[in-house]
Amino acid sequence: MIYTSVVSGVYGDILQECVACRNPHIRYWRKKNFHYTDGEAQKEFHIYRCANCGTGFLNRPPHKQWLQAIYQYSGQALTQAITLAEVLARETEFPNCTADASRMTERASQLNRSGNRQALDIGSGFGFCTHSLRKLGYRTVSINPGQYENAVFRELNGDEPLPVVFEDYHAAEPFGIVMLSQVLEHLLEPEQAIAKVGGLLAQNGVLACAVPNYHSVLVKLLGTKDNACLWIPEHVNYFTEKGLTTLLERNGFNVVKVEQITRIPAKALSKRLGLQGKSAAVMDALTQRWQNPFARLMNALGWGIYLNVYAVKQ
1 MIYTSVVSGV YGDILQECVA CRNPHIRYWR KKNFHYTDGE AQKEFHIYRC
51 ANCGTGFLNR PPHKQWLQAI YQYSGQALTQ AITLAEVLAR ETEFPNCTAD
101 ASRMTERASQ LNRSGNRQAL DIGSGFGFCT HSLRKLGYRT VSINPGQYEN
151 AVFRELNGDE PLPVVFEDYH AAEPFGIVML SQVLEHLLEP EQAIAKVGGL
201 LAQNGVLACA VPNYHSVLVK LLGTKDNACL WIPEHVNYFT EKGLTTLLER
251 NGFNVVKVEQ ITRIPAKALS KRLGLQGKSA AVMDALTQRW QNPFARLMNA
301 LGWGIYLNVY AVKQ
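Position 230 of the sequence shown, counted from 1, bears residue number 230 in the UniProt record's numbering, the numbering being contiguous throughout.
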């Protein structure tokens, strides 16, 4: 990747090409401010977009040290510790992490033709992917720097992930599956990360990658008010299906399956509209009723909220 050497404060370097396809034809899209905690001054970030593959990214992104200061506690915007019981209560109300973990690990296992039954869970979060992989009979290695998520992981799985960032991880043996769920959008060097994953996989092993979709209906409707994809400063890359596929194929992967996923909490619209009482209940019921037809339409249009991509090492 080409950089112009400019570093000041908490911002990183200026990017001169797309983080996904490396095309130099990038242009300014929009700016977004964030206010991470009540005690921190507001910062402004600029989002650029690739004219070739449509991928977006922060330019300038936050400096690596700034992100590491956030991720040592949480990669999911947690500002305090949380328990497994609290996480499971949220999942009961709105199955999200658990649903993704079950679906993605099963898909990856079906596509794994390497004969290797060891799996790597990068950015393991609360540990649901690791839990699902173990149920499928895989030996697992999990890595995650966030203290808050790692405590939940321990409650769920009985052990802890290695508390390191992916850039600092080194493996002695190859893996049949690598899980990269809701991680690549956080990484300042996605090209290096994908190349490293390729080196960790056995021949015919599978990478299962999930990222927010920059072409999603939420980004189209809400613009920079969207936080599913445009969550700053943690999300520094905003991938499209074309951009992510290009990135994977350029690094020796064969993309064998792409899925779009759309889920909206039943109470999301009533909360956004500020509804209460009976009005909120009616809106929640309508949202729940039309959830599946709406999701199918958005996914068919390519406007799904998330991308799930499965790629085999050639």
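Backbone N, C-alpha and C define an ideal beta-carbon position, used for all residues, glycine too. Note that the structure is a prediction, hence the values are computed from the model and not measured.
Worksheet item: Okay, do the region 268-288 and the region 179-195 touch, 3+ Cβ pairs below 8 Å being the bar?
Response: no
Fill in: Pair within 7 Å by beta-carbon distance, Asn237 and Leu307
no
Discussion item. If you follow the beta strand (DSSP E) that His46 is in, where does it begin and where does it stop?
Written reply: Lys43 to Cys50
Worksheet item: Are Ser114 and Gly205 closer than 7 Å when you measure CB to CB?
Response: yes
Worksheet entry | 7 Å Cβ cutoff met for Ala208 and Tyr138 | no
Worksheet item: To which residues does DSSP link Gly56 through a beta bridge?
Response: Arg49 and Tyr238
Worksheet item: Considering only the beta carbon of each residue, do Trp29 and Ile47 sit closer than 7 Å?
Response: yes
Discussion item. Short of 8 Å in beta carbon distance, which residues of its chain neighbour Asn23, apart from the five on each side in sequence? Order them along the chain.
Written reply: Glu17, Cys50, Ala51, Asn52 and Cys53
Worksheet item: Which residues in the same chain as Pro265 place their Cβ atom closer than 7 Å to its Cβ, once the five residues preceding and following it in sequence are excluded?
Response: Phe94
Worksheet item: Using DSSP with H/G/I as helix, E/B as strand and the rest coil, what is Thr37?
Response: With a pLDDT of only 43 at Thr37, under 50, the local geometry of the prediction cannot be trusted, and no value is derived from it.
Worksheet item: Whose C-beta lies closer than 7 Å to the C-beta of Phe126 among residues of the same chain, with five residues either side of it excluded?
Response: Val87, Cys97, Glu149, Val152, Phe153 and Leu156
Discussion item. Suppose you measure from the CA of Gln314 to the CA of Gln203; what does that come to, to the nearest Å?
Written reply: 6 Å
Discussion item. Suppose you measure from the CA of Ser181 to the CA of Thr83; what does that come to, to the nearest Å?
Written reply: 21 Å
Fill in: Coil, strand or helix - Leu297 by DSSP
helix
Practice prompt. Go to Cys209, then tell me how far its alpha helix (DSSP H) extends in each direction, as first and last residue.
Written response: Not the alpha helix (DSSP H): Cys209 falls in the beta strand (DSSP E), residues Leu201 to Pro212.
Worksheet item: Is the beta carbon of Phe175 sitting closer than 7 Å to the one on Ala119?
Response: yes
Worksheet entry | In DSSP terms, what Arg139 is bridged to | Gln118
Worksheet entry | Residue range of the unbroken alpha helix (DSSP H) whose run includes Ala20 | Here Ala20 belongs to no alpha helix (DSSP H), and DSSP marks it neither H nor E.
Practice prompt. May I have the straight-line CA-CA distance separating Ala228 from Phe166, to the nearest angstrom?
Written response: 22 Å
Worksheet item: DSSP state of Trp290, grouped into three classes?
Response: helix
Practice prompt. Could you say which of Gln80, Cys129 and Val255 lies nearest to Ala99 if we only look at CA atoms?
Written response: Cys129
Worksheet item: DSSP state of Ile305, grouped into three classes?
Response: coil
Item to complete: Please check the pair Arg263 and Ile194, which I expect to be a contact at CB under 8 Å, by giving their CB distance rounded to whole angstroms.
Response: Going by Cβ atoms, the distance from Arg263 to Ile194 rounds to 26 Å, so no, they are not a contact pair.
Discussion item. Going by DSSP in three states, Met1 sits in which element: helix, strand or coil?
Written reply: Bear in mind that the predicted position of Met1 carries a pLDDT of just 39, short of 50, making it too unreliable to give a figure here.
Practice prompt. Using a threshold of 7 Å, state whether the C-beta atoms of Gly12 and Arg90 are closer than that.
Written response: no
Worksheet entry | Neighbourhood of Val211 by C-beta distance below 6 Å, restricted to the same chain and skipping five residues each side | Leu184, Glu185, Phe239 and Leu307
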